[in-house]
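Have a look at the structure below, then the notes.
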Amino acid sequence: MTAMSKRKNGNGGEAAAAGSNLPQPETLMAWYREMLLIRRFEEKAGQLYGMGLIGGFCHLYIGQEAVAVGIQHTLTEKDSVITGYRDHGHMLVCGMEPRRVMAELTGRETGYSKGKGGSMHMFAKDKKFYGGHGIVGAQIPLGTGIAFAHKYEEDGGLCAAYCGDGAVNQGQVYESFNMAALWKLPVLYVIENNRYGMGTSVQRAAAGERLCDRGRAYGIPGEQVDGMDVLAVEATANRLVEKIRAGEGPQILEAMTYRYRGHSMSDPAKYRTKDEVEEMRTQHDPIENLKRIIEVNGFADEATFKAIDKEIRDVVNESAKFAQDSPEPDPSELWTDILVES
Amino acid sequence: MPALSPTMTEGNLARWLKKEGDPVRSGDVLAEIETDKATMEFEAVDEGVLGKILVPEGTQGVAVNTPIGVLLEEGESADAVPTSASAATGGRAKGDEPRTADHAPVGEKPASEAPAAPTEGEAPAPAAKVPAEAKKPAAADPDLPPGTTFVKQTVREALRDAMAEEMRRDPKVFLMGEEVAQYQGAYKVSQGLLDEFGAKRVIDTPITEHGFAGLGVGAAMAGLRPIVEFMTWNFAMQAMDHIINSAAKTLYMAGGQMGCPIVFRGPNGAAARVAAQHSQEYSSWYSHCPGLKVVAPWSAADAKGLLKAAIRDPNPIVFLENEMLYGQSFEVPQIDDHVLPIGKAKVVREGTDVTMTAFSLMMGHAVAAADALAEQGISVELIDLRTIRPLDVETIVNSVKKTNRLVSVEEGWPQSGIGSELAALMMEHAFDYLDAPVVRVTGKDVPMPYAANLEKLALPQVHDMVEAAKAVCYRT
């Protein structure tokens with residue numbers, strides 16, 4: 000019933016079998032690198048959290064990498080991105096610097112928000128990345144407003160507004176769907192369905208069959224895609240983005256995905272079985288999936304993968320070092336950035 | 000004259016659709032009545048013959064409940080009814096505008112009572128007739144050039160002009176909200192804007208405050224300059240998450256990288272007889288939050304100058320208007336670009352014995368109280384706070400250092416209110432100057448009742464302000 004279970008040939012089989020339609024090898028390698036960067040970055044963040052260097056809430060993106068990477072490659076620099084609090088992956092694929100993201104996670108003055116935002120509140124206006132929002136579902140009307148601005152300015156851009164399966168039950172999401180459909184706003188709603196809104200499974204929280212159909216009453220088309228397969232995510236998102244650019248208004252993409260870690264660092268994740276997690280990690284891992292496709296098609300060898308892995312570990316280690324070496328914000332920063340002084 | 004809105008006190012008889020002798024059936028339109036918000040058709044609720052027209056068409060300012068015509072039942076004669084028209088009713092013919100003092104706030108009609116919630120048989124009255132500034136001119140706002148001329152305008156018109164001027168000036172400014180476009184504004188504040196600026200910039204929203212407030216904030220983050228109108232601030236409670244979490248905090252959370260230039264505006268506080276859910280005063284709620292500016296003007300001139308400033312301000316602004324003020328007229332300076340500084344209170348009247356602060360609708364009451372106190376030999380220094388956040392502490396403290404007494408007036412509830420804040424500030428900044436404890440005049444600590452007498456009891460009255468000022472002056 001889910002897109003994921005429709006796959007016939009096991010991990011990577013479908014995409015590999017369609018080898019002739021694959022993107023260019025360098026494209027696949029780029030996606031591989033980005034997913035691996037997110038994975039290693041998040042592993043490091045988890046480690047720093049355990050060391051007490053990252054505080055508060057920290058929601059890791061491990062397992063969901065194919066979603067942000069696949070979507071991002073359908074966007075251009077005219078387009079905007081906004082997401083909720085599981086946001087590190089989106090920031091990295093938007094081109095934000097890993098070291099400054101890590102510095103923000105550790106509350107340092109070199110972070111994107113000078114250490115005043117933290118994991119859930121980071122922005123990069125020059126990358127058109129609008130956060131990073133800590134209130135479940137709030138980013139959906141905000142993203143709809145960003146799409147409104149694209150249309151108002153007639154700049155040809157669209158907004159990719161991400162939310163989780165939990166946020167889809169928020170009333171403001173439907174208020175947004177309504178206005179987006181009424182005004183044909185250029186917005187791609189991406190539902191990252193990782194099966195659990197914190198500890199409550201989708202089945203226990205969301206009525207109806209598929210979350211991607213939640214826009215049907217407003218005439219918003221929705222599609223479901225295997226969110227563990229970056230090729231499928233990119234291909235489907237591309238189709239929807241083209242419809243948005245053609246002026247057809249909002250579209251919904253539900254990516255069926257999974258987070259390997261708990262909801263946040265303090266979540267023991269006892270609401271699901273170890274077998275379930277293990278099955279996802281070993282059978283559906285998005286990075287291993289893409290690696291296999293690359294290998295099967297002979298685009299890279301093991302030595303190349305090793306080199307990439309080392310390169311990314313270096314980037315991540317350097318980020319962690321940069322963060323730890325950076326000072327905390329000056330006490331005077333307590334009183335800055337409350338209002339724009341005009 | 001029928002009451003056709005909760006706050007209507009008088010209307011204009013625009014047109015009779017029946018003439019004397021015409022038969023009338025229930026549901027027939029008898030006349031067109033102009034309220035302060037709209038032209039309404041007035042339907043007959045009974046059958047008969049229109050025996051006599053008591054108020055001719057074209058008559059303006061006919062008080063609510065004034066008989067405008069006589070409907071005869073079968074067998075009745077028109078000769079039996081009195082022929083009087085406007086003389087006894089306070090109505091006035093076209094061209095017979097009431098005389099007003101220059102440079103002074105004037106009530107919409109020559110009311111003799113202070114503004115108050117209605118009691119039995121008494122219509123809700125607009126604010127004070129008292130030409131405060133004509134009696135004792137206070138310092139004009141510093142940026143008004145000498146020799147400026149003034150024109151009489153309602154607060155409603157001043158707000159509309161402020162938006163129109165700013166929309167002409169900056170194409171990124173747009174207005175969205177419920178009924179702002181085709182309906183011309185639920186309270187007619189946006190009248191004419193759709194015609195001038197088109198549907199792209201004057202946007203009717205669905206009745207979904209949470210969603211459209213968030214949409215406005217997102218548009219502001221992306222570089223536009225939204226004005227989000229709430230039909231009333233009561234409904235903005237559904238939007239509060241976006242006002243505070245999304246708008247007010249973003250600049251800080253982004254380390255200054257990304258802000259939110261947006262104006263949330265609409266009528267705040269009690270209107271008249273609309274009960275608890277529709278009668279709430281929010282200045283203290285929003286004034287609690289860093290990252291917001293909170294503006295609550297009284298006069299039309301301040302409404303215009305401060306709204307223009309708010310639209311240009313790079314920060315999120317909560318702009319609290321008042322429905323009872325919309326129809327009130329004030330002198331507005333005739334200058335090309337009347338912009339006032341946010342964060343500055345205004346000494347409306349200088350005095351020596353006691354400082355009284357108020358804002359928005361309560362300023363009219365405070366003016367009346369100051370007049371009454373003057374007659375009793377107590378000189379009130381009256382300060383219109385105008386901006387609630389950032390509060391102009393300096394102006395208030397300087398005044399208290401002079402008068403040594405402070406009475407704070409607000410319509411909202413007492414606990415954690417503006418008066419509570421002022422009391423604390425005076426302890427911090429003027430403790431040694433106080434000759435009496437700071438006294439708060441506030442709305443009562445109850446949800447707003449519907450019954451007219453109870454509503455009046457719940458709201459601060461002129462009498463309460465007079466008594467508070469006498470108490471801090473140790474006068475009985």
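Respectively, the protein sequence lines represent chains A and B.
Going by numbering that gives the first Met the number 0, the residue at position 307 of the first sequence is 306; the numbering climbs one at a time, nothing skipped.
Going by numbering that gives the first Met the number 0, the residue at position 57 of the second sequence is 56; the numbering climbs one at a time, nothing skipped.
Note that the Cβ used here is the ideal one computed from N, Cα and C, for glycine as well.
Using a Cβ-Cβ cut-off of less than 7 Å, list which residues of the region 116-129 of chain A approach chain B; keep chain order.
Closer than 7 Å at the C-beta level to chain B, one finds these residues of the region 116-129 of chain A: GLY116, HIS120, PHE122, LYS124 and TYR129.
Quick check on this structure: which residue in B/ALA299, B/ARG311, B/VAL317 and B/GLY350 has the alpha carbon closest to the alpha carbon of B/GLY290?
Position 291 of the second sequence holds residue 290 of chain B. Nearest option by C-alpha distance: B/VAL317.
Let's see if you can read the secondary structure: which residues bound the alpha helix (DSSP H) around B/MET39?
As a working note, residue 39 of chain B is residue 40 in the second sequence. For B/MET39, there is no enclosing alpha helix (DSSP H); the enclosing beta strand (DSSP E) has its first and last residue at 38-42.
How big is the Cα-Cα spacing for A/LEU59 and A/GLU103?
Here residue 59 of chain A is taken as the residue at index 60 of the first sequence, counted from 1. Here residue 103 of chain A is taken as the residue at index 104 of the first sequence, counted from 1. Straight through space, the alpha carbons of A/GLU103 and A/LEU59 are spaced by roughly 15 Å.
Straight-line Cα distance separating B/LEU405 from B/MET355:
Here the question's residue 355 of chain B lines up with position 356 in the second sequence. Here the question's residue 405 of chain B lines up with position 406 in the second sequence. Cα to Cα, B/MET355 sits roughly 6 Å from B/LEU405.
When you compare only the Cα positions, how much space is there between B/HIS428 and B/PHE263?
Taking the second sequence and counting its residues from 1, the one referred to as residue 428 of chain B is at position 429. Taking the second sequence and counting its residues from 1, the one referred to as residue 263 of chain B is at position 264. Taken atom to atom, the span from the alpha-carbon of B/HIS428 to that of B/PHE263 is near 32 Å.
Taking the CB atoms as reference points, tell me whether A/GLY69 and A/ALA236 lie closer together than 8 Å.
In the first sequence, counting from the first residue as 1, residue 69 of chain A sits at position 70. In the first sequence, counting from the first residue as 1, residue 236 of chain A sits at position 237. Closer than 8 Å, so yes.
Since B/CYS259 and B/ALA219 should fall inside the 8 Å C-beta cutoff, what is the C-beta to C-beta distance between them, to a whole number of angstroms?
Taking the second sequence and counting its residues from 1, one reaches residue 259 of chain B at position 260. Taking the second sequence and counting its residues from 1, one reaches residue 219 of chain B at position 220. Confirmed, about 5 Å.
Neighbourhood of A/GLU317 by C-beta, 7 Å cutoff - its chain only, sequence neighbours within 5 removed
Here residue 317 of chain A corresponds to residue number 318 of the first sequence, with the count starting at 1. Counting only residues of its own chain and dropping the five nearest sequence neighbours on each side, A/GLU317 has a CB closer than 7 Å to the CB of ARG98.
Along the region 140-152 of chain A, where does the CB come closer than 7 Å to a CB of chain B? Name the residues.
Within the region 140-152 of chain A, the qualifying residues are PRO140, LEU141, GLY142, THR143, GLY144, ILE145, PHE147, ALA148 and TYR151.
When B/ILE52, B/LEU372, B/ASP45 and B/ALA37 are compared against B/GLU73, the one with the closest alpha-carbon:
Taking the first residue of the second sequence as 1, we reach residue 73 of chain B at position 74. It is B/ASP45.
Could you tell me the distance, in whole angstroms, from the CA atom of B/ASP95 to the CA atom of B/GLN59?
Locating residue 95 of chain B in the second sequence gives position 96, counting from the first residue. Locating residue 59 of chain B in the second sequence gives position 60, counting from the first residue. Confidence in B/ASP95 is poor, its pLDDT being 40 and thus under 50, which makes the residue's placement too unreliable to answer from.
Just checking my contact of B/GLU380 with B/SER398 at CB under 8 Å: how many whole Å lie between their CB atoms?
On the second sequence, position 381 is the one that residue 380 of chain B refers to. On the second sequence, position 399 is the one that residue 398 of chain B refers to. About 5 Å; that satisfies the 8 Å criterion.
In whole angstroms, what is the alpha-carbon distance linking B/SER282 and B/PRO459?
Against the second sequence, residue 282 of chain B aligns to sequence position 283. Against the second sequence, residue 459 of chain B aligns to sequence position 460. Taking the straight line from one Cα to the other gives about 16 Å.
Spatial distance of A/LYS309 from A/ARG38 (CA atoms)
Stepping through the first sequence from its first residue, residue 309 of chain A is reached at position 310. Stepping through the first sequence from its first residue, residue 38 of chain A is reached at position 39. Going by the C-alpha atoms only, they are around 13 Å apart.
Mind checking A/PRO285: buried by the 16 CB within 10 Å criterion, or exposed?
If you number the first sequence from 1, residue 285 of chain A lands on position 286. Around the beta carbon of A/PRO285, 16 or more other beta carbons lie within 10 angstroms, which makes this residue buried.
Would DSSP call B/GLY191 helix, strand or coil?
Counted from its first residue, the second sequence places residue 191 of chain B at position 192. Here B/GLY191 sits in coil by DSSP.
With a threshold of 8 Å between beta-carbons, can B/ASP391 be considered close to chain A, or not?
Position 392 of the second sequence, counted from the start, is the residue given in the question as residue 391 of chain B. No, B/ASP391 does not count as interfacial toward chain A.
Coarse secondary structure for B/ILE395, derived from DSSP in three states
By one-based count along the second sequence, residue 395 of chain B stands at place 396. In the three-state reduction of the DSSP assignment, B/ILE395 falls in the helix class, which pools H, G and I.
Could you tell me which uninterrupted alpha helix (DSSP H) segments, each at least 4 residues in length, are contained entirely in the region 181-226 of chain A, listed from first to last along the chain?
Counting whole runs of 4 or more residues, the region 181-226 of chain A contains the alpha helix (DSSP H) stretches 201-204.
Give the DSSP-derived three-state secondary structure of A/TYR161 in the structure shown.
The residue given as residue 161 of chain A occupies position 162 in the first sequence. Strand at A/TYR161.
Beta carbon of B/GLY416: closer than 7 Å to some heavy atom of the ligand SAM?
Ligands displayed in this structure: none; no statement on the ligand SAM is therefore possible.
Within 10 Å of its beta-carbon, does A/SER341 have 16 or more other beta-carbons around it, so buried, or fewer, so exposed?
For the purposes of this step, residue 341 of chain A is taken as the residue at position 342 of the first sequence. In the assembly as shown, A/SER341 is an exposed residue. Its beta-carbon has fewer than 16 other beta-carbons within 10 Å.
Give the range of the beta strand (DSSP E) segment to which B/ASN11 is assigned.
Translated into positions along the second sequence, residue 11 of chain B becomes position 12. That run of the beta strand (DSSP E) goes 9-15.
Taking the straight line between their C-alpha atoms, what separation do you get for B/ALA37 and A/GLY221?
Locating residue 37 of chain B in the second sequence gives position 38, where the first residue counts as 1. Locating residue 221 of chain A in the first sequence gives position 222, where the first residue counts as 1. About 44 Å.
Span of the alpha helix (DSSP H) around B/ILE310
By one-based count along the second sequence, residue 310 of chain B stands at place 311. Counting along the chain, the alpha helix (DSSP H) containing B/ILE310 begins and ends at 299-311.
Could you name the residues of chain A that B/LEU192 contacts, counting a contact when the two beta carbons are closer than 7 Å?
As a position in the second sequence, residue 192 of chain B is number 193, starting the count at 1. Those within 7 Å of B/LEU192 in chain A number zero; the least Cβ separation is about 16 Å.
Just the Cα atoms here: how many angstroms apart are A/ILE61 and A/ARG258?
In the first sequence, the residue the question calls residue 61 of chain A occupies position 62. In the first sequence, the residue the question calls residue 258 of chain A occupies position 259. Pairing A/ILE61 with A/ARG258, the inter-Cα distance amounts to about 6 Å.
Excluding sequence positions up to five away, which residues of its chain have a Cβ less than 6 Å from the Cβ of A/LYS115?
Taking the first sequence and counting its residues from 1, one reaches residue 115 of chain A at position 116. Excluding sequence neighbours, A/LYS115 sits near nothing in its chain.
Under 6 Å Cβ to Cβ from A/ALA15, same chain only, skipping five residues before and after it: list those, please.
Position 16 of the first sequence, counting from 1, holds the residue named residue 15 of chain A. At A/ALA15, the pLDDT of 48 sits below 50, so the modelled position is not reliable and the matter cannot be decided from this model.
Going by C-alpha to C-alpha distance, which of B/TYR449, B/ASP444 and B/ALA368 sits closest to B/GLU466?
For the purposes of this step, residue 466 of chain B is taken as residue 467 along the second sequence, with counting starting at 1. It is B/ALA368 whose Cα lies nearest to the Cα of B/GLU466.
Residues near A/ALA416 in its chain [Cβ-Cβ closer than 8 Å; skip 5 each side]
In the structure displayed, chain A extends from 0 to 341; residue 416 of chain A sits before or after that span and is not available.
Under 8 Å, with one C-beta from each stretch per pair, do the region 256-275 of chain A and the region 187-198 of chain A reach the 3-pair mark?
They touch, by the three-pair rule.
Taking B/GLU380 as part of the beta strand (DSSP E), name the residues at either end of that continuous run.
Within the second sequence, the letter at position 381 stands for residue 380 of chain B. Its beta strand (DSSP E) spans residues 379-383.
For a test of the three-state rule: what should DSSP assign to B/GLU330, helix, strand or coil?
Against the second sequence, residue 330 of chain B aligns to sequence position 331. B/GLU330: strand per DSSP, three-state reduction.
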